[in-house]
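K.L.:
Just so you know, the sequences run in chain order A and B. To convert a position in the first sequence, counted from 1, into my numbering, add 18. To convert a position in the second sequence, counted from 1, into my numbering, add 1145. No residue lacks a Cβ here, since even glycine has one placed at the ideal position from N, Cα and C. Just so we're clear, the structure is a prediction, and the values are computed from it rather than from any experiment.
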Amino acid sequence: MTQDPRVEQFISSFQALRREVEKVIVGHRDIIDHVLIGMFAGGHVLLEGVPGLGKTLLIKTLAEGLELSFARVQFTPDLMPADIIGTNIIVEDADGRKHFQFQSGPIFAHILLADEINRATPKTQSALLEGMQEGAVTVGGVSRPLPPPFFVLATQNPIEMEGTYPLPEAQLDRFLFKLRVRYPAIEELNAIIDRTTQVRAVTVDRVMTGPNVLASRELVREVPIATHTRDFASAIVMATHPQWAQAPDVTRRFVRYGASPRGAQALVLGAKVKALAEGRYNVSVDDIRHLAAPALRHRVILNFEGEAEGIDVDTLIEQIVDTAATTTTQGKEQFVR
Amino acid sequence: MPHPDTLDRLVREIATQVRWRRAEHYGLRGLFWGAVAAVVPLLFRLALGPWALALAIALLTAGVVTGALFGLLKRVSPADAARLADREFGLDERLSTALEWAERDDRTQLVDALVVDAVARVEAVQLRQVVRRILPRETRLLPVPVVLAAILAWAPPLPLPTASLPDFSAGAQKEEARERGDGTMLEDRARPLAKDKQQRPVFEERDWAQKGATGAAATAGDLSAVFKDTSLANQRPDFNSFLKKGDERLKMLEQTDRLPDLQSDFTSSQYKMVFRKSKELKSGLRDTVSPQKLKELLEEMERLGRKSGGGWGQDVSEGMEALEGGSTDRAMEAMQKALDKMRAQDEAQRGGKGLRGGRESDRRSGREGGRGEGSPEDQDFGEGEGMMPGKGKSGAPKGEASQRLRANPYDVGVEGESRRGKKDGFDTNLTGRAGKMSSRLSYMGIIGQYKNAMEDAISREQIPRDFHGQIRDYFQALDER
């Protein structure tokens, strides 16, 4: 039972949005939750999975549940940055005078679906960098702000697939979460078949507006976090750095680069959203632990040995979290030594 | 917003639990170290008397009390206690966050809601023991000092160790008694004095042991048992006299250098020994000859010359003078001359008891004829040096070259015939030109001569006794062939 009406509003909106998405998407509850958490935390989300798992459908459905503008860009190798951002074109006015006019690209939408983002060249991929971080794009020397709330949802195929360009680290770092879309279970698959092969019209209701989303983002930042919980998040991020003095052995052995401070921000912000969505007014250690993998898996770069050994980043992060828990929060509770 | 009492009360409760666990933990540690310390006075119970037990108990108690007090008084952080309560009662950090944020200036409305929520959840908590008991490492070893202390407390007091090694001899005890007798205590003066001052008191115990050895079995301290297998066993095992007179066996062991050198004295001639030493003198990595060793060799040669009446004394004297003058080369030349003379004498002596028809006689005859022919073994001793054409170190003129057989291999042959009889044999003779040479010998005749020489050598005890049987077997095998 909550006391703050804003929190009640947030929880109801969160749950309503989840419900709308689940009308279309079967299963993938954790993916839906993480996408919503990313959106309310004010970040961008990258979904990775082989084709046909419903990544694009999930984002389209989410956009339909929000009263926000939506644009979709199918990334291909011949896609140019101007195709995303927009460009100045020469137009002729009624007086016959010609001048440049900015033709905005699809990035000027509230929700941008960058489908198969790793099929475009790194040059085009980088066109999103400024918009994702600054909320504005610069064209012809003129900075143009993007409409808030701006939310990029990108999908990518695993980099092992043909015709893909791995996203650069700087680009990856700008995504709050990287979510791995797995294959559905057999029950989920049966439900998918039933839903998509029968005559059945599914309508998604709009349950949130742009201002609601922005207000929720503000509310999220008010959620208090205890010092030791914050320290736990910091310790996790620091433990991904092989150069750190207290880094665990797995990090020293398999990691080339650790997570940036954006990783810690993503952890804490995501944990705040999760706490609020669960009706709590504070962040718990479990929130941090739960979001460690989505927030850090694309920020931890394995070294050659890690790649050669086929180390799973999620498993690695799990071990790092356990180590950090031992050395920080639980370690301090060993009263008798 | 101040801390609600509910939250504070829970934190205090957890802190109390922590203190008691700490008291247990440190009390056990104190018990261990107190027990270790308690062992010490119990070890010295003889000196401390009844105070030892009291001191041990006091140390044990002090260890436990000190440890427990330390644990109780050690500060417990409220934040740590709150965090432990959060985890153990499933509060999801509500308690610790509420306590931390309630007094902050930048708290928001959500914090107020959080405190209310935390209080509601804490009131629903069923209090229980949440602090785990952590036994110290010393607990595993705790039985050792405790049991040891208990044993020491029940057992009779241990004797105090002395600064010096114990002297169990009766003489020492009497000496101590005498020293005590020099004091003023009357009862000590009443003790009987030593019966016989002339008797060495050190061996009084052995006297007693000796008596025991004659009749009953040897008892502990029966040192004479060591000498049971010797003729000294029946005598008084007086160690001083033993050392004074000496045990024959020990004498033998001490004089190993005087044991007969069978190899040098009985199987080698004086010349060969000196020649070997001269070779050793000149061998080695350095070109220079040690003057000290050269001097020793010359002195030995001089001694041998005096002993055997050899005529190399003059040469040795010259060598000594040259050596004193610092001329090693001249000393070496003089030694070489003396060595040649020694060799000549040795060969002359061996000629008298040599075997007829042997290589020595052949060589001697060849040498007399201006020729020399030495086997490789003989050359090792320098006997052919200076005589064989193309060999030797002496600058003296060589004799004529040996007459060589022509290259026709058919000039040399061997013929033989089997001999029947009690023992089968085979007589061989060289044929061709070689047959006319003096090396032609009859096998059986030679074997017989060698056998006679062998028996002669054995009878003159020139052969060690242990080798007699082996040598006879060898000649027996030759005879049967």
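So, at 8 Å on beta carbons, what are the nonlocal neighbours of D1237 of chain B in its own chain, with the 5 sequence-adjacent residues on each side left out?
P.N.:
Answer for D1237 of chain B: D1231, listed in chain order.
K.L.:
Quick one: which chain B residues come within Cβ less than 9 Å of T18 of chain A?
P.N.:
Because residue 18 of chain A is not part of the residues shown, which for chain A are 19 to 355, the question remains open.
K.L.:
Measure how close the beta-carbons of L309 of chain A and A326 of chain A come, nearest whole angstrom, since I'm counting them as under 8 Å.
P.N.:
That pair is no contact at about 29 Å.
K.L.:
What span of residues does the beta strand (DSSP E) with E110 of chain A cover, start to end?
P.N.:
Unbroken beta strand (DSSP E) run through E110 of chain A: G104 to E110.
K.L.:
Considering only residues of the stretch 23-66 of chain A, which uninterrupted beta strand (DSSP E) runs meet the minimum length of 3 residues and lie entirely inside it, listed in chain order?
P.N.:
You should have 63-66.
K.L.:
Taking only beta-carbon positions, decide if S302 of chain A is within less than 8 Å of chain B.
P.N.:
Yes, because at least one Cβ of chain B sits closer than 8 Å to the Cβ of S302 of chain A.
K.L.:
Return the residue from the list A:A203, A:S278, A:I108 and A:T156 that minimises the CA-CA distance to R125 of chain A.
P.N.:
Inspection of the sequence shows that residue 125 of chain A is occupied by Ile rather than by Arg. Ranking A:A203, A:S278, A:I108 and A:T156 by Cα distance to I125 of chain A puts A:T156 first.
K.L.:
Could you tell me which residues DSSP puts in a beta bridge with M226 of chain A?
P.N.:
Paired residue(s): A:L84.
K.L.:
Please report the residue range of the beta strand (DSSP E) in which P163 of chain A lies.
P.N.:
Taken as a continuous stretch (DSSP letters only), the beta strand (DSSP E) holding P163 of chain A covers V160 to P163.
K.L.:
For P242 of chain A, go through chain B and note every residue whose CB falls closer than 9 Å to its CB, in chain order.
P.N.:
The answer, in chain order, is T1242, A1243, E1245, W1246, R1249, R1252, T1253, L1255, V1256 and L1259.
K.L.:
Ordered along the chain, which non-local residues of its own chain (more than five positions away) have a Cβ less than 6 Å from that of S234 of chain A?
P.N.:
Excluding positions up to five away in sequence, the list reads F28 and F58.
K.L.:
Quick one: list the residues of chain B neighbouring T247 of chain A, beta-carbon separation under 9 Å, in chain order.
P.N.:
What T247 of chain A touches in chain B: E1238, S1241 and T1242.
K.L.:
In its own chain, which residues sit with a C-beta less than 7 Å from the C-beta of T94 of chain A, not counting the 5 before and 5 after it?
P.N.:
Only R137 and A138 meet the Cβ criterion.
K.L.:
Where do the ends of the beta strand (DSSP E) carrying S1453 of chain B lie?
P.N.:
Taken as a continuous stretch (DSSP letters only), S1453 of chain B belongs to no beta strand (DSSP E), being part of the alpha helix (DSSP H) at P1436 to S1453.
K.L.:
Find the residues of chain A that neighbour R1282 of chain B, judging by a C-beta separation of less than 7 Å, and give them in chain order.
P.N.:
Within chain A, no residue comes near R1282 of chain B; the closest Cβ sits about 11 Å away, beyond 7 Å.
K.L.:
What is the DSSP secondary structure of L194 of chain A, reduced to helix, strand or coil?
P.N.:
In the structure shown, L194 of chain A sits in coil (DSSP, three-state: anything other than H, G, I, E or B).
K.L.:
Rounded to a whole number of angstroms, what is the C-alpha to C-alpha distance between V199 of chain A and L294 of chain A?
P.N.:
Near 24 Å, if we compare the C-alpha coordinates of L294 of chain A and V199 of chain A.
K.L.:
Got a sec? Which residues, its chain only, sit under 8 Å from W262 of chain A by beta carbon, not counting five neighbours each side?
P.N.:
These residues qualify, in order along the chain: M256, T269 and G276.
K.L.:
Among residues of its own chain, excluding the 5 on either side of T341 of chain A, which ones have a beta-carbon nearer than 7 Å to its beta-carbon?
P.N.:
Only A257 and P266 meet the Cβ criterion.
K.L.:
Indicate the three-state DSSP secondary structure (helix, strand or coil) for Y1588 of chain B in the structure shown.
P.N.:
If DSSP states are grouped into helix, strand and coil, Y1588 of chain B belongs with the helices.
K.L.:
Leaving out five residues on either side along the sequence, give the residues of the same chain with a beta carbon under 8 Å from the beta carbon of Q1162 of chain B.
P.N.:
The answer, listed in chain order, is Q1274, V1275 and V1276.
K.L.:
From K41 of chain A to P163 of chain A, what does the alpha carbon distance come to, in whole angstroms?
P.N.:
The straight-line gap from Cα to Cα measures roughly 34 Å.
K.L.:
Roughly how far, in whole angstroms, is the beta-carbon of G1458 of chain B from the beta-carbon of G1450 of chain B, given that I think they are within contact range, below 8 Å?
P.N.:
Yes, they are in contact, since the Cβ atoms of G1458 of chain B and G1450 of chain B sit about 4 Å apart, within 8 Å.
K.L.:
Per DSSP, which residues does G1561 of chain B bridge with? Please list them.
P.N.:
In DSSP, G1561 of chain B forms a bridge with B:T1573.
K.L.:
So which residues of chain B does R298 of chain A contact, with C-beta pairs closer than 7 Å?
P.N.:
Under the 7 Å cutoff, chain B gives D1237.
K.L.:
In chain order, what residues of the same chain have a beta carbon less than 6 Å from the beta carbon of G123 of chain A, not counting five sequence neighbours either side?
P.N.:
Closer than 6 Å at the Cβ level, and outside the excluded window around G123 of chain A, lie I102, I103 and G104.
K.L.:
Within 10 angstroms of its Cβ, does I77 of chain A collect 16 or more other Cβ (buried), or is it exposed?
P.N.:
With 16 or more other Cβ atoms within 10 Å, it is buried.
K.L.:
Pull up the distance between the alpha-carbon of E1444 of chain B and that of K1438 of chain B, whole angstroms please.
P.N.:
Going from the Cα of E1444 of chain B to the Cα of K1438 of chain B covers about 10 Å.
K.L.:
Once DSSP output is grouped into helix, strand and coil, what is the label at V217 of chain A?
P.N.:
Coil, per DSSP.
K.L.:
Select from B:R1475, B:A1265 and B:R1285 the residue whose C-alpha is nearest the C-alpha of L1155 of chain B.
P.N.:
L1155 of chain B has its Cα closest to that of B:A1265, out of B:R1475, B:A1265 and B:R1285.
K.L.:
Give a yes or no on whether the minimum CB-CB distance between D48 of chain A and chain B is below 8 Å.
P.N.:
No, because no Cβ of chain B sits closer than 8 Å to the Cβ of D48 of chain A.
K.L.:
Is the separation between the beta-carbon of V339 of chain A and that of V331 of chain A shorter than 8 Å?
P.N.:
Against a cut-off of 8 Å, the Cβ pair of V331 of chain A and V339 of chain A comes out as no contact.
K.L.:
Secondary structure at F1189 of chain B, three-state DSSP: helix, strand or coil?
P.N.:
If DSSP states are grouped into helix, strand and coil, F1189 of chain B belongs with coil.
K.L.:
Is D96 of chain A close to chain B, meaning its C-beta is less than 8 Å from at least one C-beta of that chain?
P.N.:
Not one chain B Cβ lies under 8 Å of D96 of chain A.
K.L.:
Closer than 8 Å by C-beta to F1620 of chain B: which residues in its own chain qualify, once you throw out the five before and the five after it? Chain order, please.
P.N.:
Hits under 8 Å: I1592, Y1595, K1596 and M1599.
K.L.:
Specify the secondary structure class of F169 of chain A as computed by DSSP and reduced to three states.
P.N.:
F169 of chain A: strand per DSSP, three-state reduction.
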